[in-house]
Amino acid sequence: MSTVVSPAIAASTSDFDNGTFETLVAELGLEDTLQMFSVFFTEADKRLTRLRELSFENRKAIQHEAHGLKGSAGNFGLPRVSELAASLEQDAPTITPARYQAALQSLEAGYATARERFVSVVG
Amino acid sequence: MAEDQTAQTMGDPGRASRRGGRQPDSLLVIDDDLSICTMLEKIGEKAGFAVKHAVSLEEATALLRMQQFACITLDLGLGANSGVEMLHILAGMGCTTPIIIISASQRSMRDFAAEIGDRMRLDIRPPFGKPIDFVKLKATLVEIKEMLNLQRRADSAA
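Encoded structure:
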């Protein structure tokens, strides 16, 4: 299995939701919004590093990190990352080494794409 | 002793003003994700609160022992601990502060936690899921702040 991205997830979600960013700017201002995104990317990087360091047998820790990423990515307008993290959270109790590696690759690829989209939108 | 003091002060928005020098209403954000804490801090500040955050049950308990809060937002996943444990601690402190549960857990889990809080006679407000509806959350916080202002006016009149 090369990827765990289901066609449904790939087709139903976008990498970066401009609408969330615009709502945050409207509610909180550009400066605060950019500061929040900076914190988000730093924290998401840390979560992905921790996930990379975990063995597939650390199921509780994988669930915890995936749950956190699901929530924060959803809040910051990265729906695809949020869904991939939700999928990993759900699979963690029975995940195999191969599926864990594939899930991580999908998550990292989705995150990298979303971050590129954010940079291209925000400048 | 510290818990007793907290129990005496929590949920009494008029107490700070009666002691002299009205303090801004404080919001305590309890969430183990720093990016969510930052987001909730900004929303809370826009709603007129002075905001502090805690990323663990221990940090939150320490803050609650040091000062009173006018409102609390609570995540249900707090690392090794759960938000429900925090509800037990708040109930033990005699907390009457409005509490808003904000969690990426399934709705049934959020509702279940809210029901537990209700049974402990905590002031649990309707829970929020994640992604958070920022506009609705800000409106809820503004509403709580206005309620506190009204309560203060009524206290002064009395």
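Sequences listed follow chains G and P, in order.
The first sequence begins at 1 in the numbering used here and counts up by one.
The second sequence begins at 1001 in the numbering used here and counts up by one.
Glycine is no exception: its CB is placed at the ideal position from the N, C-alpha and C atoms.
Please read these numbers as outputs of a predicted model, since none were measured by experiment.
- When secondary structure is reduced to three states using DSSP, A1158(P) falls in the coil class, being assigned neither helix nor strand.
- Rounded to the nearest whole angstrom, the CA to CA distance from G1077(P) to G71(G) is 11 Å.
- Annotation: the continuous beta strand (DSSP E) that includes G1129(P) extends over 1124-1129.
- Across the set G1092(P), G1044(P), C1037(P), the C-alpha of G1092(P) shows the shortest separation from the C-alpha of R1065(P).
- According to DSSP, H1053(P) shares a beta bridge with V1029(P).
- With contact defined as three or more Cβ pairs closer than 8 Å, the stretch 1104-1116 of chain P and the stretch 1135-1143 of chain P are not in contact.
- In the DSSP secondary-structure assignment, T1073(P) is bridged to V1029(P), I1100(P).
- The stretch 11-25 of chain G makes contact with the stretch 74-82 of chain G; the number of CB pairs closer than 8 Å reaches 3 or more.
- Distance between T33(G) and M1039(P), taken at the CA atoms: about 8 Å.
- Judged by their CB atoms, I1124(P) and D1133(P) are not nearer to each other than the 8 Å cut-off.
- For the stretch 26-81 of chain G, the continuous alpha helix (DSSP H) assignments of 4+ residues that do not extend past its boundaries occur at 30-53, 59-75, in sequence order.
- DSSP links L1087(P) through a beta bridge to no other residue.
- Under the three-state reduction of DSSP, S14(G) is assigned to coil, being neither helix nor strand.
- Taking CB atoms only, L24(G) has a neighbour in chain P less than 8 Å away.
- Contact between the stretch 1150-1158 of chain P and the stretch 81-96 of chain G is absent: fewer than 3 CB-CB pairs across the two stretches fall below 8 Å.
- Residue contact with chain G for A1104(P): present (Cβ-Cβ distance below 8 Å to some residue of chain G).
- Taking CB atoms only, P1127(P) has no neighbour in chain G less than 8 Å away.
- Taking 8 Å as the cut-off, the Cβ atoms of L1027(P) and A1070(P) count as close.
- Relative to F1128(P), the option among I1116(P), I1099(P), R1121(P) whose CA is nearest is I1099(P).
- Between D1031(P) and C1037(P), the alpha-carbon positions lie close to 6 Å from each other.
- Flagged as an interface residue toward chain P: N75(G), by a C-beta distance shorter than 8 Å.
- Rounded to the nearest angstrom, the gap between the Cα atoms of A85(G) and M1147(P) is 38 Å.
- No Cβ-Cβ contact shorter than 8 Å links A73(G) with A109(G).
- Within 10 angstroms of the beta-carbon of A92(G) lie 16 or more other beta-carbons, which makes it buried.
- As the crow flies, the alpha-carbon of E65(G) is around 28 Å from that of E1045(P).
- Listed by position along chain P, the residues whose Cβ is nearer than 7 Å to that of V39(G) are L1034, S1035, T1038.
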